[in-house]
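Numbering (this note's numbering), first residue to last: 88 to 487.
Below: one structure, written as structure tokens.
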Amino acid sequence: MTTPKIRFTSLADLVVSLPHQLGYRPVDSLVLTFLARGDAAPATSSPTRITLKCRVDLPPDARCRSQVVQMLADVVRREKPAGVILCAFETDQDSTETLAAVSRMCESKGVGVGGVARVRGDRWHEVGDDGGVWRTLPAVENVPAVADLVYRGMQPGPSRAELTARVWGRFDTDQADQAVLLAELDAYADRFLETLHRTRGPAREGEPSGAGSSSGTTDAAGAEESSGGAAAAGAGPLVSELRFVERGARAWQRMLDTTPGVPTVRDLPPAVVAQGLAMLWDRDFRDALISWLAPGQLGPGMLPAEVWAAFVRHLPLSRLCDSRRLDRLVEVCGLVPDEVAAPVLSVTAQCAWILNNGTIANIAVERALEFQPDYTLAQLIDQLLQHGVRPPGGPFAVVA
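Set out below in structure tokens:
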């Protein structure tokens, strides 16, 4: 996870700022903060610039500790930071051995460890400091770096456990509502595939049903399939097919509307939500939605003109990566039954990764792969997250 350029002058300041940088208060977590080359350690009076953060769960035993150290070694090897600071946010578990193992790994790769801290609630101590005295953390209002983060709109939100409950549909989700949505989705998907069959003809041997679409489609289980048939021969979409693209774009306009006072996603008609979800089984539509929500990935010329034109007509144009839309996506994820959730979970994960929200990205990918382990986009995003790959830069603002 990358971070805006903020500066701090002490290890305590960094500890106080981490919940704002992460977007939530870490629990039983190890957070590595990478420092830019040429910057000084936080113990000095010179400011230090953060370039990357990496959070992992504190390992419960020695075997898990070895796996965590190896995973972090891969990230350190690739990023080549000038230095690293380790902070363990504990509840009851003593993280001393884990911190020592990660410190040894960093030093073995020529990366200086600028500070090691254990944190419990509002108290902390610097590991290796004389006596290991536990001290009270500075108040948030007394840390200038935190004031800068608040100005940028970065503040601690729900805990990771609460975010997990929301993405997985365990937070105020009615199973009866999910059943209604699933029935609407199945019915709408049947109509979509029937239209493709009628306009493109039956699939040739070895092709999936509906493969004649101008975009890759899937069956109702959400398994990704490739384009073929008439599309491979260069045929464009027919009017009857474009109606589904238009409905999908209009549905997502309502599902992603962040205007104050608009209905929540839960309050929208299930038929509208179903129209939006069904179109994510079309890969071109899905990729266009990702590009719209998190600009800088694919330009309009790399996506079908008819899909992009529908987005221009119905979705608000923005050159900003708007985190409020990510909140609406999380609402959608919480409504969708597991068996058809992989496409929207993958869209959510990709957008969260681009927006530097590694927590939501990881949670969404975990749920997607739990119930559909062969969903390609989820697999790719999982690899990006596991290896700590930074989101690519682009000509767009980072936050709204």
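From the three backbone atoms N, C-alpha and C, an ideal C-beta is built for every residue, glycine too.
Have a look at residue i and residue j and give me their C-alpha separation to the nearest angstrom.
| i | j | result |
| --- | --- | --- |
| Thr304 | Asp371 | Only weak support exists for where Thr304 lies, its pLDDT of 40 falling under 50; the coordinates are left without a value. |
| Ala226 | Val427 | 45 Å |
| Asp148 | Val189 | 14 Å |
| Glu457 | Ile447 | 15 Å |
| Glu246 | Val220 | A quick correction: the sequence has Ser, not Glu, at residue 246. Rounded to whole angstroms, Ser246 to Val220 spans 28 Å at the Cα level. |
| Gly348 | Val214 | 49 Å |
| Leu173 | Arg353 | 40 Å |
| Met366 | Pro113 | 36 Å |
| Asp179 | Glu249 | 20 Å |
| Ala336 | Asp277 | 19 Å |
| Leu402 | Gln340 | 5 Å |
| Asn444 | Leu329 | 34 Å |
| Thr463 | Trp368 | 12 Å |
| Leu576 | Pro391 | No answer is possible for residue 576: the residues shown for the chain start at 88 and end at 487. |
| Thr96 | Leu224 | 14 Å |
| Val394 | Ile377 | 12 Å |
| Leu101 | Val203 | 11 Å |
| Ala99 | Met192 | 23 Å |
Could you spell out where the beta strand (DSSP E) holding residue i opens and where it closes?
| i | result |
| --- | --- |
| Thr183 | No beta strand (DSSP E) holds Thr183; the alpha helix (DSSP H) holding it covers Thr183 to Ser195. |
| Glu213 | Arg210 to Glu213 |
| Thr463 | Run containing Thr463: none in the beta strand (DSSP E); it sits in the alpha helix (DSSP H), Thr463 to Gln473. |
| Gly202 | Gly199 to Arg207 |
| Val171 | Gly170 to Phe176 |
| Leu119 | Ser116 to Leu122 |
For residue i, which residues in the same chain have their Cβ closer than 6 Å to its Cβ, ignoring the five residues on either side in sequence?
| i | result |
| --- | --- |
| Phe331 | Phe279 |
| Ala451 | Val254, Leu432, Thr435 and Ala436 |
| Ala338 | Val359, Gln362 and Gly363 |
| Ile441 | Ala381 and Pro478 |
| Ala535 | Residue 535 falls outside the range modelled here, since the chain spans only 88 to 487, and no answer is possible. |
| Arg334 | Gln362 |
| Pro357 | Val267, Leu268 and Glu271 |
| Thr251 | Ile450 |
| Arg165 | none |
Between residue i and residue j, which are expected to be in contact by the criterion C-beta below 8 Å, what is the C-beta distance as a whole number of angstroms?
| i | j | result |
| --- | --- | --- |
| Ala436 | Ala397 | Ala436 to Ala397, Cβ: 24 Å. No contact. |
| Val118 | Lys140 | 6 Å |
| Thr351 | Glu418 | 6 Å |
| Val171 | Gly201 | 7 Å |
| Gln265 | Pro424 | 5 Å |
| Leu122 | Thr138 | 7 Å |
| Leu413 | Cys438 | 6 Å |
| Lys196 | Val143 | Lys196 to Val143, Cβ: 17 Å. No contact. |
For residue i, which residues of its own chain have a beta-carbon under 7 Å away from its beta-carbon, when the five flanking residues on both sides are left out?
| i | result |
| --- | --- |
| Arg454 | Val254, Trp255, Ala428 and Leu432 |
| Val233 | Val103, Ser104, His107 and Val227 |
| Pro460 | none |
| Arg222 | Arg210, Trp211 and His212 |
What are the start and end residues of the alpha helix (DSSP H) that includes residue i?
| i | result |
| --- | --- |
| Ala99 | Leu98 to Leu109 |
| Thr251 | Arg247 to Val254 |
| Val163 | Ala149 to Glu166 |
| Gly421 | Ser410 to Leu422 |
| Val399 | Ala392 to His401 |
| Glu457 | Gly445 to Phe458 |
| Val431 | Ala429 to Ile441 |
| Ala375 | Arg370 to Leu380 |
Residues in its own chain within less than 8 Å of residue i by CB, not counting five upstream and five downstream?
| i | result |
| --- | --- |
| Glu177 | Asp115, Leu145, Arg205, Val206 and Arg207 |
| Asp161 | His474 and Gly475 |
| Tyr275 | Ala358, Ala361, Gln362 and Ala365 |
| Arg415 | Met342, Leu343, Asp344, Thr345 and Val352 |
| Pro168 | Phe121, Leu122, Ala123, Arg124, Thr138, Leu139 and Val198 |
query = Taking only runs of the alpha helix (DSSP H) that begin and end inside the segment 329–360, which ones reach a length of at least 4 residues, in chain order?
reply = Those alpha helix (DSSP H) runs which fall completely within the segment 329–360 and span 4+ residues do not exist here.
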